[in-house]
Amino acid sequence: MQKQVSQGETAVGGPQPTVTPLLQVRDVTLQYKTKQHLVTATYKVSFDVFQSDRFVLLGPSGCGKSTLLKSIGGYMAPTEGTISLKGKVVKKPGPDRVFVFQEFDQLLPWKTVKQNVLFALQASGKARGKEAADRALNYIDKVNLTKFADSYPHTLSGGMKQRVAIARAMAMEPDVLLMDEPFAALDALTRRKMQDELLQLWSDTRFTVLFVTHSIPEATLIGNRILLLSPHPGQVKAELNSDGSDPVGADGKKLSDRIHDMLFAEAVEQADAAPPR
Amino acid sequence: MTETITSPSVSRVPPQRTEYVRDTVASRNFGVVEKPLTAWERLYNKGWLRKSFIILVISIAWETYARFLDNALLVPTLTDTLTALWGGLYGGEILNKALNSVRLLFQGYAAGLFLAMVFTALAMMSQLGNDLLETLTAMFNPLPAIALLPLSLIWFGLGDKSIIFVLVHSVLWAVALNTHSGFKSVSNTLRMVGRNYGLGGLGYVLRILIPAAFPSILTGLKIGWAFAWRTLIAAELVFGATSGKGGLGWYIYENKNLLDIPAVFAGLLTVILIGLAVENLVFRNIEAATVRKWGMQN
């Protein structure tokens, strides 16, 4: 279980934190049915997320990271294992875990930017009236969209739509933000800018975020803790620390190169294992 | 001399150019940037003007042909038709008949919409309701409403009720089918967003499903309206007046018997005008205020 200690982290791998984790994922196996198959998305995945973590789930496509996030969101019950938030087992979707999706169509097209944020606050009963309006405008301002508060989503660019989605999620002040590759559909320049903005927002409000990505540079930039998942089905391969600077580890390799090697090694193993059959 | 043409190794190297960096002008210093439209373009851009022009051309064609044919029993002139229409409106006869028709229409339309809502709600709530709606629409949607009129007359007798029954049948299936398929095609992301913020049951239907499916719902409402209007006029033609009142269809039928063809045309024109008015005033405004404003339809 303590395999990550041998990955060149002997210096920091000592004491485990004594505070209780915010989100606990224990031995979670996820399966879903397609027409022909029963697909196992993840197998016995465990990890802890603490207050104010920027926790990244990283892995190649098909490692079940999005499915895992959906399950934490409460949209899908695990086949075995438990997911608990603040000690309570997650059973259904709720406003204490707010999603930011990859798709641009997550905004309600029939509501303006401001109404979209307000809708979230009112539908969940988090805030009403003047208080809700103030809070909505405050978070819209945080993502620099005050000028567009009365615009409809279809008039905004992709990056702006994602910023609205982030503002809407943050206005809820949830226990944990669940971000499912929120910048994957953006162009490279916008993505870079959004990553910086997200870090800026984090240092302002110190929210807890669980961030799914398949990009190694994005993972090392955004995360302070990175969970590496292997593909088909997803299993925990490593849990690494990151400070955003892609530091050179004790073995003389950059963090991103180490992650790359670990993911790459998996592919070679599979190729070696294939011929006998 | 040939050097410049026949040395491919040299010509494949792109020329060296110097780099340059320059300052851009701030957009506030641009002044006014626009390309003025010509007077013709500005006129052409007005939808009502284009459509008025088309109607004008059709009117002239009608008038010319009718004068050329010179047989008021086959095709009366536009002026005769308009005179008949004016007479009918002024005397109150067309107006009364039209009001009768519209009143019946609204009763049938409203009842049809209500039933469509009930069926769609059932279909959204359970698989059995879903199957029920699918089976019923498959059975009854292709059945022309007017074919039920004889049966309706036997069941409900001569009166408004039998017409309303037929109207309900013409509205219900079209609206239910469209609404249901609209609900089913709401994107999964939007559904998840709704549930994420704690919506369920009626709140979920009202605040997520209905607005998200609104383009389909609106199409259903339009088709239902057109079906109802057609069915009503047809029913009145077949079935005539009820207790001396009667609607536009009856007006047309009556005047055909009297060989007052301009009045027949006036009746038809009224049917068309009411249809156009509802399409352009009611549905167009609903569209502009909803699906087009939301960018769900262009």
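Chains E and F, in that order, give the protein sequences.
If you count by the numbering used here, then the first sequence holds residues 1 to 277, one letter each, in order.
If you count by the numbering used here, then the second sequence holds residues 1001 to 1298, one letter each, in order.
All residues carry an ideal CB built from backbone N, CA and C; glycine is no exception.
All values derive from a computational prediction rather than experimental measurement.
Item                                                                                                                                          : Value
Distance CB(residue 93 of chain E)-CB(residue 1195 of chain F) smaller than 8 Å                                                               : yes
First through last residue of the beta strand (DSSP E) which encompasses residue 1045 of chain F                                              : Element bounds for residue 1045 of chain F: n/a, residue is neither H nor E.
Counted within 10 angstroms of its Cβ, other Cβ atoms place residue 1225 of chain F as buried (16 or more) or exposed                         : buried
Element boundaries [beta strand (DSSP E), containing residue 142 of chain E]                                                                  : Not the beta strand (DSSP E): residue 142 of chain E falls in the alpha helix (DSSP H), residues 129 to 142.
Residue-level contact to chain E via CB, residue 1299 of chain F, 8 Å cutoff                                                                  : Lying outside 1001 to 1298, the shown extent of chain F, residue 1299 of chain F is not represented and no answer is given.
Residues of its chain near residue 80 of chain E, where Cβ-Cβ distance is below 7 Å and the 5 sequence neighbours each way are ignored        : 27, 29
Nearest residue (CA-CA) to residue 1171 of chain F, options F/1128, F/1156, F/1231, F/1131                                                    : F/1231
Pair within 8 Å by beta-carbon distance, residue 1082 of chain F and residue 1089 of chain F                                                  : no
Nearest candidate by alpha-carbon position, reference residue 101 of chain E, set E/163, E/22, E/84, E/38                                     : E/163
C-alpha gap between residue 134 of chain E and residue 1134 of chain F, whole angstroms                                                       : 47 Å
Cβ-based contacts, 9 Å cut-off: residues of the region 70 to 81 of chain E near chain F                                                       : 70, 73, 74, 75
Start-end ranges of the alpha helix (DSSP H) lying completely within the region 48 to 135 of chain E, minimum 4 residues                      : 65 to 73, 113 to 123
Ranges of the beta strand (DSSP E) found wholly within the region 186 to 242 of chain E, counting only runs of at least 3                     : 209 to 213, 225 to 230, 235 to 241
Amino acids of chain F, ordered along the chain, whose beta-carbon sits closer than 9 Å to that of residue 175 of chain E                     : The premise fails here: residue 175 of chain E is roughly 13 Å from chain F at the closest Cβ pair, so nothing lies under 9 Å.
Any C-beta of chain E under 8 Å from that of residue 1076 of chain F                                                                          : no
Residue 103 of chain E at chain F interface by Cβ criterion, 8 Å                                                                              : yes
Which listed residue (E/263, E/202, E/91) has its alpha carbon closest to that of residue 51 of chain E                                       : E/202
Contacting positions in the region 1181 to 1208 of chain F - beta carbon closer than 8 Å to chain E                                           : 1187, 1189, 1190, 1192, 1193, 1194, 1195, 1196, 1197, 1198, 1199, 1203, 1207, 1208
Cβ neighbours of residue 82 of chain E in the same chain (closer than 7 Å, five flanking residues each side left out)                         : 26, 89
Members of the region 118 to 147 of chain E that neighbour chain F once the beta carbon cut-off is set at 8 Å                                 : 119, 120, 123, 124, 125
Closer than 8 Å to chain E by CB, residue 1124 of chain F                                                                                     : no
The region 1160 to 1179 of chain F contacting the region 1188 to 1202 of chain F, beta-carbon criterion three pairs below 8 Å                 : no
Closer than 8 Å to chain F by CB, residue 106 of chain E                                                                                      : yes
Backbone CA spacing between residue 1243 of chain F and residue 1085 of chain F [nearest angstrom]                                            : Note that residue 1243 of chain F scores a pLDDT of 48, beneath 50, so its modelled location is shaky; the value from the coordinates is reported in the next line. Going by the C-alpha atoms only, they are around 24 Å apart.
For residue 1184 of chain F, the first and last residue of its enclosing alpha helix (DSSP H)                                                 : 1160 to 1184
Residues of its chain near residue 244 of chain E, where Cβ-Cβ distance is below 6 Å and the 5 sequence neighbours each way are ignored       : 221
Contact the region 67 to 75 of chain E vs the region 1161 to 1169 of chain F: 3+ CB pairs below 8 Å                                           : no
Contacts that residue 1211 of chain F makes with chain E (C-beta to C-beta distance below 9 Å)                                                : 108, 109, 110, 111
Between the CA atoms of residue 215 of chain E and residue 7 of chain E - distance to the nearest angstrom                                    : Its pLDDT being 42, under 50, residue 7 of chain E is placed unreliably by the model, and the measurement read from it follows with that caveat. Taking the straight line from one Cα to the other gives about 21 Å.
For residue 1237 of chain F, the first and last residue of its enclosing alpha helix (DSSP H)                                                 : 1214 to 1239
Of the listed residues E/31, E/213, E/20, E/177, nearest to residue 58 of chain E (C-alpha basis)                                             : E/213
Integer Cβ distance of residue 24 of chain E from residue 48 of chain E, believed to fall under 8 Å                                           : 6 Å
Beta-carbon neighbours of residue 152 of chain E, restricted to chain F and to distances below 8 Å                                            : 1293, 1294, 1295
Per-residue contacts from residue 95 of chain E into chain F (C-beta, under 9 Å)                                                              : 1196, 1197, 1198
Beta-carbon contacts of residue 1235 of chain F that lie in its chain and below 6 Å, excluding the five residues immediately before and after : 1149, 1163, 1166
Other residues of its chain near residue 43 of chain E: CB distance less than 8 Å, five sequence neighbours each side excluded                : 29, 233, 234, 235
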